Amino acid sequence: MNIKFKKLNKTIVNCKKCPRLTNFIKKISIEKRKQNINEKYWGKPVTGFGDTKAKLMIIGLAPAAHGGTRTGRAFTGDKSGDFLFKSLHSVKISNQNFSNNIKDGLKLKSTYITNILKCVPPGDKPMNNELSSCSNYFVKELDYLKDLKVIVTLGKIAFDNCLKIYKKRFKIDQKISFKHNKKYLLPDGKILIACYHPSPRNVNTKVVTSSMINQLFKKAKKIAKF
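Counting along the sequence shown from 1, when you hit position 165 you're at 165 in the numbering used here, and nothing is skipped either side.
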């Protein structure tokens, strides 16, 4: 990992800018979930991970309470991550079809995974000031990924907030709205692709299927050229 990312990730992990989120993470890590009662929770903000020379970035809204907040890695140790990595493995973006913990040997090909918000919010509902405080970390990730070509947002809230950050930085004239597998050209030349979130609810109700997500990531790979 390059020095810029090391420095950024250290700042993220030590961040306590949002007291509500800091307290909530602490509460989760102490009370724990029944099936994880004997585990030591990560209990800090969760950084992005993957290839720092990535051409593709995959973003969610925030770490899961008993996923990333427990394991210390985004989309790791929860049902959404299970579904996501099966797909990433089948399209040859990841070297394995699971993401259980930070020492499981997972490697990503030309891909970086992160969240807009680095801490889990109560009820999965962040406040605007929290999103605003955290957005500069996401902006730095965007700026540090010099080879980045494609951004895939998992879920409408991640999509809307990614767009909000872009609108603060650039003038966007076109109407951009969330529609699964729809792609948009951003002002800095990157391609934004909207994707349904691989949440258990979406998967169980067939809002999103393996073939839908696989097709989307194949398309993202083709555009990013890796």
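Cβ atoms here follow ideal geometry from the backbone N, Cα and C, with glycine treated the same way.
Keep in mind the model is a prediction, meaning the values are calculated, not measured.
Worksheet item: Can the beta-carbon of Pro-198 be found less than 8 Å from the beta-carbon of Phe-98?
Response: Looking up residue 198 in the sequence shown gives position 198. Looking up residue 98 in the sequence shown gives position 98. No, the pair does not count as a contact, with Cβ atoms beyond the cut-off.
Worksheet item: According to DSSP, what are the bridge partners of Ala-194?
Response: Residue 194 sits at position 194 when you count from the first residue of the sequence shown. DSSP output for Ala-194 lists Thr-153 as bridge partner(s).
Practice prompt. At 3 residues or longer, and completely inside the region 76-136: list those beta strand (DSSP E) runs for me, N to C.
Written response: You should have 111-115.
Discussion item. Can you find the residues in the same chain that come closer than 7 Å, C-beta to C-beta, to Val-203, ignoring five residues on each side of it along the sequence?
Written reply: Stepping through the sequence shown from its first residue, residue 203 is reached at position 203. For Val-203, where only same-chain residues beyond five positions count, the Cβ hits under 7 Å are Phe-83.
Discussion item. Quick check on this structure: which residue in Thr-69, Gly-48, Ser-133 and Leu-88 has the alpha carbon closest to the alpha carbon of Ser-210?
Written reply: As a first step, residue 210 is located in the sequence shown; it is residue number 210 there, counting from the start. Answer by Cα proximity: Leu-88.
Practice prompt. Give a yes or no on contact between the region 135-150 and the region 105-114, applying the rule of three or more CB pairs nearer than 8 Å.
Written response: Segments in contact, yes.
Worksheet item: Span of the beta strand (DSSP E) holding Leu-186?
Response: Within the sequence shown, the letter at position 186 stands for residue 186. No beta strand (DSSP E) contains Leu-186, which DSSP labels as neither H nor E.
Worksheet item: Taking just the CA atoms, how far does Thr-47 sit from Pro-63?
Response: Taking the sequence shown and counting its residues from 1, one reaches residue 63 at position 63. Taking the sequence shown and counting its residues from 1, one reaches residue 47 at position 47. Straight-line measurement puts the Cα of Thr-47 at about 9 Å from the Cα of Pro-63.
Worksheet entry | beta strand (DSSP E) runs contained entirely in the region 7-67, provided each spans 3 or more residues | As far as the region 7-67 is concerned, its whole beta strand (DSSP E) runs of at least 3 residues are 56-60.
Worksheet item: Residue range of the alpha helix (DSSP H) that Leu-216 falls in?
Response: Counted from its first residue, the sequence shown places residue 216 at position 216. It spans 210-224 - the alpha helix (DSSP H) in which Leu-216 sits, taken as one unbroken run.
Worksheet item: Among residues of its own chain, excluding the 5 on either side of Lys-183, which ones have a beta-carbon nearer than 6 Å to its beta-carbon?
Response: Translated into positions along the sequence shown, residue 183 becomes position 183. Here Lys-183 has Ile-191 and Ile-193 as same chain residues with Cβ atoms under 6 Å from its own Cβ, once five neighbours each way along the sequence are excluded.
Practice prompt. Identify whether Arg-70 lies in helix, strand or coil by the three-state DSSP scheme.
Written response: Within the sequence shown, the letter at position 70 stands for residue 70. The three-state reading of DSSP puts Arg-70 in helix, counting H, G and I together.
Fill in: DSSP state of Val-207 mapped onto helix, strand, coil
To locate residue 207, count along the sequence shown from 1; it is residue 207. The answer is coil: DSSP assigns Val-207 none of H, G, I, E or B.
Worksheet entry | Per-residue DSSP class, three states only, for Lys-146 | Here the question's residue 146 lines up with position 146 in the sequence shown. It is coil, neither helix nor strand.
Fill in: Phe-138 in three-state terms, based on DSSP
Translated into positions along the sequence shown, residue 138 becomes position 138. Assigned with DSSP and collapsed to three states, Phe-138 falls in helix.
Worksheet item: When DSSP labels each residue in this structure, what does Asp-160 get in the three-state scheme?
Response: Start at 1 with the first residue of the sequence shown, and residue 160 comes out as number 160. Asp-160 falls in the helix class under three-state DSSP.
Worksheet entry | Rounded Cβ spacing between Lys-10 and Asp-147 (contact assumed at less than 8 Å) | Sequence index remark: in the sequence shown, residue 10 carries index 10 (1-based). Sequence index remark: in the sequence shown, residue 147 carries index 147 (1-based). Actually they do not touch by this definition, with Cβ atoms about 23 Å apart.
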